[in-house]
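J.: Counting in my numbering, the sequence shown runs from 205 upward without gaps.
Using N, Cα and C, we set each Cβ at its ideal position, and we do this for glycine too.
Here's a structure for you.
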Amino acid sequence: AALDAASGAPIWAEPPLRISDAASERGSGHVALDVSQNAVHVAWQGAGVIHYRRILRAADGWRMDPVRAAQFTGDGGNNGPSIAAETDDRVHLVSPGGRYALTVNGGASWIVDRIPSPQGVGIKLPAIAVDAAGNAHVTFTGIVRGPSHPSTRAPSRGYWELRYVRGDPAGV
Numbered sequence: 205a206a207l208d209a210a211s212g213a214p215i216w217a218e219p220p221l222r223i224s225d226a227a228s229e230r231g232s233g234h235v236a237l238d239v240s241q242n243a244v245h246v247a248w249q250g251a252g253v254i255h256y257r258r259i260l261r262a263a264d265g266w267r268m269d270p271v272r273a274a275q276f277t278g279d280g281g282n283n284g285p286s287i288a289a290e291t292d293d294r295v296h297l298v299s300p301g302g303r304y305a306l307t308v309n310g311g312a313s314w315i316v317d318r319i320p321s322p323q324g325v326g327i328k329l330p331a332i333a334v335d336a337a338g339n340a341h342v343t344f345t346g347i348v349r350g351p352s353h354p355s356t357r358a359p360s361r362g363y364w365e366l367r368y369v370r371g372d373p374a375g376v
């Protein structure tokens with residue numbers, strides 16, 4: 205961001221824009237953001253559903269696509285999705301409960317699957333990034349034991365462990 209010469213404070217280009225709509229504002233508003241060459245990509249959870257909006261650069265400023273449901277539930281009440289924009293049209297999302305979604309057409313439709321996890325390991329708080337080759341990289345907290353059944357030998361008392369999985373761009 206540009207800085208004001210006199211005060212040194214950031215200069216914002218415009219006032220805050222409302223990007224959600226009334227239908228998507230129910231429940232929590234946990235938000236994720238990423239950018240691509242000509243677009244801003246926003247995802248959030250509202251009323252248990254992951255919502256997505258793309259804001260495209262246009263010749264006269266910015267144009268907002270409609271708010272779209274990402275066609276899968278959020279599965280988490282106290283956290284939200286993670287997002288990684290590969291291009292203006294190809295965007296990856298993960299939900300708090302372990303769903304993965306990919307759009308190749310700017311959010312008009314989604315391919316939805318589960319994030320791979322060992323049997324008996326629950327998924328919480330996933331994060332996603334995409335590298336230059338198109339590989340999706342996902343990390344998550346794997347819930348391996350209930351908090352009422354801790355392990356006395358594990359550093360985290362055996363409740364959780366961090367996991368990592370990589371997608372293959374040739375497979376999607």
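1) How would you call Val239, buried or exposed, if buried means at least 16 neighbouring beta carbons within 10 angstroms?
2) Using 8 Å as the Cβ pair cut-off and three pairs as the minimum, do the region 256 to 276 and the region 320 to 337 touch?
3) By the 10 Å Cβ neighbour count, where 16 or more other Cβ atoms means buried, how is Glu218 classified, buried or exposed?
4) Which residues mark the beginning and the end of the beta strand (DSSP E) in which Arg318 is found?
5) Nearest to Val298 by CA position, among Asn309, Gly233 and Ala333, is which residue?
6) Would the region 222 to 230 and the region 242 to 250 be scored as touching if the rule is three or more Cβ pairs under 8 Å?
7) Assuming Pro285 and Ile327 make a contact with CB atoms under 8 Å, what is their CB distance in whole Å?
8) Could you pull out every residue in the same chain whose Cβ sits closer than 6 Å to the Cβ of Gly212, ignoring the five residues on either side in sequence?
9) For Gly310, tell me which candidate among Arg294, Pro300, Val316 and Asn242 has the shortest Cα-Cα distance.
10) On the DSSP bridge list, what partners appear for Gly346?
11) Look at Phe276 and Val316 and say whether their C-beta atoms are less than 9 Å apart.
12) Between which two residues does the beta strand (DSSP E) harbouring Gln249 extend?
13) Is the CB-CB distance between Tyr368 and His341 below 9 Å?
T.: Concretely, from the data shown:
1) exposed
2) no
3) exposed
4) Ile315 to Arg318
5) Ala333
6) yes
7) So it is not a contact: roughly 13 Å between Cβ atoms.
8) none
9) Arg294
10) Ile327 and Glu365
11) yes
12) Ala243 to Gly250
13) yes
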